[in-house]
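Residue numbers (this note's numbering), protein chains in the order written: chain A, 8 to 329; chain B, 155 to 547. Just so you know, even glycine gets a beta-carbon here, dropped at the ideal spot from N, CA and C. Below: one structure, written as structure tokens.
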């Protein structure tokens, strides 16, 4: 299977980018910078000064811009990927932390920690379309593969809110374990995974029945249970393998996407937080907040192959074609 | 586990379809005591709503969650004076509320606990740090959200030992609670390998805390009081009565840091704590109450959130179910301390990390790295299961 994956990956890679390179943007929460990394040489090519407390970071769908939520400046900054300079800002609500976009890249949904709302932004007009009231301390954001349902997790309410993207109304609330941080659908829409940082679990939710159908727990010999704090989740496009960042446990769990069994723990840097795949899915990059670096995981080998020093307290990461 | 799944299932069905029905109302009482203690530092003078303000914020948070579950939380606040019959006031309050958050001294709390023994009401102690309430005087109807003196002393002790400040000059006030704190500090020194090189007592001879020319006098007094001490690394002060400790920093005969009741202080919360998402609750608190959040506010917030959490997890307005869940192994609460907080089942004390703050910054958070425990590192703070004198009844 891995060989086929590798081969497919290789083909995609050959077809799409003769020069092979992808570019990763890492938000450094304390450093107020974004680090740009070239994924061929695994070196830092630029450090961009941004606003205060950059966290959520994502490429625009057309790949022309990188958007980064700068919470303490109450806005989202837009970086032009050609010039690698800030060219615009978006009208988010107060203290934006995390956001997601629809498939077309037209609408953005932002979790605003300070006033229990999700803000809806028209990306073309750069205009705020409205707010949705959610639970206490909204955080995780994702959209179902069919685009119909927006998921927001609220950290103190401990729920995954299901929001109809057309009516912008909450249609269901699913209780999960303490401090839900991140939500991710399987590409085929069959499962929604939600990580609970303080609860120490990942809840598997059936998106149709809107109920928790299973839970992934983690056990690492010699490590106290409380240190295992799942945050970021990455899933391969085929849904077969998932990676879960375990925060202060300093490990990424490799999870079988079908059986939900933990296959392996990979030792990375300190306080591992969020992650992203290279578009060819050959590599996964994870941010390590306390050790101020990014670990590169070779997906086929399931090994950490590289550590790259970035700015202070790396938080989010997004990777795409340059 | 399976039962839990079914619970979730039922819950998600209710969540989606129940908005038309009358909300489940959860009534929480808050029993505080009137009269505010006088502190040496003006900025540490507690506000009139110290504690209650935290409970009010938790009620707001619970209600934000509650609107998705059709649950509504109501706070019923009462303050007792020393002359009031606290057991009677509590019994009245228990008639209207299934849970009572108490900010009472140890003896008053025991009176209330015994008066309500057969009432089914659960008390959540947020004000009393006395170890005896969790040991020989423990009660099955009291959950302790406030940390104990020994937890606070151990948190400080671990840090001082980690810092290699192992020679302590212990200065104790002359009041009973000062002596209890000194006992806890002595215990911490023994447990973690520090040495108390000498002990001194600061007699409270009376006198006002505010005077127009007090500084001149204090500046002469404190160096003299601390002179001729054997070699020491840190002065540890036990002064819960607020008589002298805050006069010590920068005034000791030898240039040494101060910890304990002044300088580096162990506490459950500090207005400067901003890690682990704490900025969010600090902001919400300031917005609601127009002042900063104290340790008592946080303890009361946590108590009211514990009820909210157990109510949403059980999806029930039945206090028996909620209380059973609170006391079960499945219960935990997130409180911006970087780890889940759980109850010690042998005495219903909330396990929690302790902050070490100097009034301007959080310097460290205990338990410190390297203090290991077979169950939970949080149990390196305070009296552990093998040592407990508590028999819950």
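Check: Evaluate residue 87 of chain A with the Cβ neighbour count: other Cβ atoms within 10 Å of its Cβ, from every protein chain shown; 16 or more gives buried, anything less gives exposed.; Outcome: exposed
Check: To the nearest angstrom, how far is it from the Cα of residue 171 of chain B to the Cα of residue 139 of chain A?; Outcome: Below a pLDDT of 50, predicted positions are generally treated as unreliable, and residue 171 of chain B, at 44, falls in that range; no measurement from the model is reported.
Check: Over the uninterrupted alpha helix (DSSP H) stretch that includes residue 490 of chain B, give me the two end residues.; Outcome: Premise fails: residue 490 of chain B is in no alpha helix (DSSP H) and is neither H nor E.
Check: Please list the terminal residues of the continuous alpha helix (DSSP H) segment that includes residue 218 of chain A.; Outcome: No alpha helix (DSSP H) contains residue 218 of chain A, which is instead part of the beta strand (DSSP E) from 218 to 224.
Check: For the segment 371 to 426 of chain B, which segments carrying the beta strand (DSSP E) assignment without a break, of at least 3 residues, lie completely within its bounds, in sequence order?; Outcome: 388 to 392, 412 to 414 and 419 to 421
Check: Quick one: what's residue 291 of chain A bridged to in DSSP?; Outcome: A:284 and A:304
Check: Less than 7 Å between CB atoms is the rule here; does residue 143 of chain A satisfy it with respect to chain B?; Outcome: yes
Check: By Cβ distance, which residues of its chain are closer than 8 Å to residue 168 of chain B, with the 5 residues on each side in sequence left out?; Outcome: With a pLDDT of only 45 at residue 168 of chain B, under 50, the local geometry of the prediction cannot be trusted, and the value read off the model is given with reservation. Result list for residue 168 of chain B: 223, 224 and 469, in chain order.
Check: Just to check my reading of the structure: residue 334 of chain B and residue 390 of chain B have Cβ atoms closer than 8 Å, yes? What is that Cβ distance to the nearest angstrom?; Outcome: Actually they do not touch by this definition, with Cβ atoms about 14 Å apart.
Check: With 16 as the cutoff for other CB atoms within 10 Å, does residue 185 of chain A come out buried or exposed?; Outcome: buried
Check: Would DSSP call residue 222 of chain B helix, strand or coil?; Outcome: helix
Check: Hey, could you find the ends of the alpha helix (DSSP H) residue 304 of chain B is sitting in?; Outcome: 303 to 316
Check: Kindly list the residues whose CB is nearer than 6 Å to the CB of residue 7 of chain A, restricted to its own chain and excluding five residues on each side of it in sequence; keep chain order.; Outcome: What is shown of chain A runs 8 to 329, which leaves residue 7 of chain A out entirely.
Check: On the DSSP letters alone, give me the boundaries of the beta strand (DSSP E) that residue 520 of chain B sits inside.; Outcome: 516 to 520
Check: Any idea if residue 128 of chain B is buried or exposed, counting beta-carbon neighbours within 10 angstroms, 16 or more meaning buried?; Outcome: The shown model of chain B, from 155 to 547, leaves out residue 128 of chain B, and the question about it has no answer.
Check: Considering only the beta carbon of each residue, do residue 266 of chain B and residue 456 of chain B sit closer than 7 Å?; Outcome: no
Check: Provide the residue span of the beta strand (DSSP E) that contains residue 240 of chain B, from first to last.; Outcome: Careful: residue 240 of chain B lies outside any beta strand (DSSP E), inside the alpha helix (DSSP H) at 240 to 250.
Check: Would you list, in chain order, the members of the segment 471 to 489 of chain B that have their beta-carbon closer than 8 Å to a beta-carbon of chain A?; Outcome: 486, 487 and 488
Check: Kindly indicate if chain A contains any beta-carbon less than 7 Å away from that of residue 170 of chain B.; Outcome: Note that residue 170 of chain B scores 46 on pLDDT, short of 50, meaning its location in the model is unreliable; the coordinates nonetheless yield the value given after this. Cβ-Cβ to chain A under 7 Å: yes for residue 170 of chain B.
Check: Within its chain, find whatever has a CB closer than 8 Å to the CB of residue 339 of chain A; leave out the 5 residues flanking it on each side and keep chain order.; Outcome: Beyond the ends of chain A as shown, which are 8 and 329, falls residue 339 of chain A; an answer cannot be given.
Check: For the beta strand (DSSP E) that contains residue 199 of chain A, what are its first and last residues?; Outcome: 199 to 203
Check: Starting from the Cα of residue 77 of chain A, find the closest Cα among A:58, A:93 and A:90 and give me that residue.; Outcome: A:58
Check: What is the rounded straight-line gap between the Cα of residue 161 of chain B and the Cα of residue 462 of chain B?; Outcome: Because the pLDDT of residue 161 of chain B is 46, which lies under 50, any placement of that residue in the model is unreliable, and the number read from its coordinates should be weighed accordingly. Answer to the nearest angstrom: the Cα atoms are 17 Å apart.
Check: Hey, quick one: how far does the beta strand (DSSP E) through residue 241 of chain A stretch, first residue to last?; Outcome: 240 to 242
Check: Could you give the uninterrupted runs of the beta strand (DSSP E) lying entirely in the segment 142 to 188 of chain A, keeping only those of 3 residues or more?; Outcome: 145 to 150, 156 to 161, 166 to 171 and 177 to 182
Check: From the DSSP output, which residues share a beta bridge with residue 498 of chain B?; Outcome: B:503
Check: Under a CB-based cut-off of 7 Å, is residue 120 of chain A close to chain E?; Outcome: Here chain E cannot be found, since the structure's protein chains are A and B.
Check: Can you list the residues of chain B that residue 185 of chain A reaches, using a CB-CB cut of under 9 Å?; Outcome: 463, 486, 487, 488 and 494
Check: Do the segment 487 to 496 of chain B and the segment 173 to 187 of chain A touch if we need at least three Cβ pairs shorter than 8 Å?; Outcome: yes
Check: Report buried or exposed for residue 18 of chain A, applying the criterion of at least 16 other Cβ atoms within 10 angstroms of its Cβ.; Outcome: For residue 18 of chain A, the pLDDT reaches just 49, beneath the cut-off of 50, and the residue's location in the model is therefore unreliable, although a value from the coordinates is still provided. Exposed.
Check: For residue 325 of chain A, report the span of its beta strand (DSSP E) as first-last.; Outcome: 321 to 327
Check: Count the other C-beta atoms from every protein chain shown that fall within 10 angstroms of the C-beta of residue 103 of chain A, then say buried if there are 16 or more, exposed otherwise.; Outcome: buried
Check: Check whether chain B comes within 7 Å of residue 92 of chain A, counting only Cβ atoms and requiring the distance to be less than that.; Outcome: no
Check: Give the DSSP-derived three-state secondary structure of residue 322 of chain B in the structure shown.; Outcome: strand
Check: In whole angstroms, what separates the C-alpha of residue 159 of chain A from that of residue 324 of chain B?; Outcome: 52 Å
Check: Check distances from the C-beta atoms of the segment 491 to 523 of chain B to those of chain A and list, in chain order, the residues that come in under 8 Å.; Outcome: 492, 493 and 494
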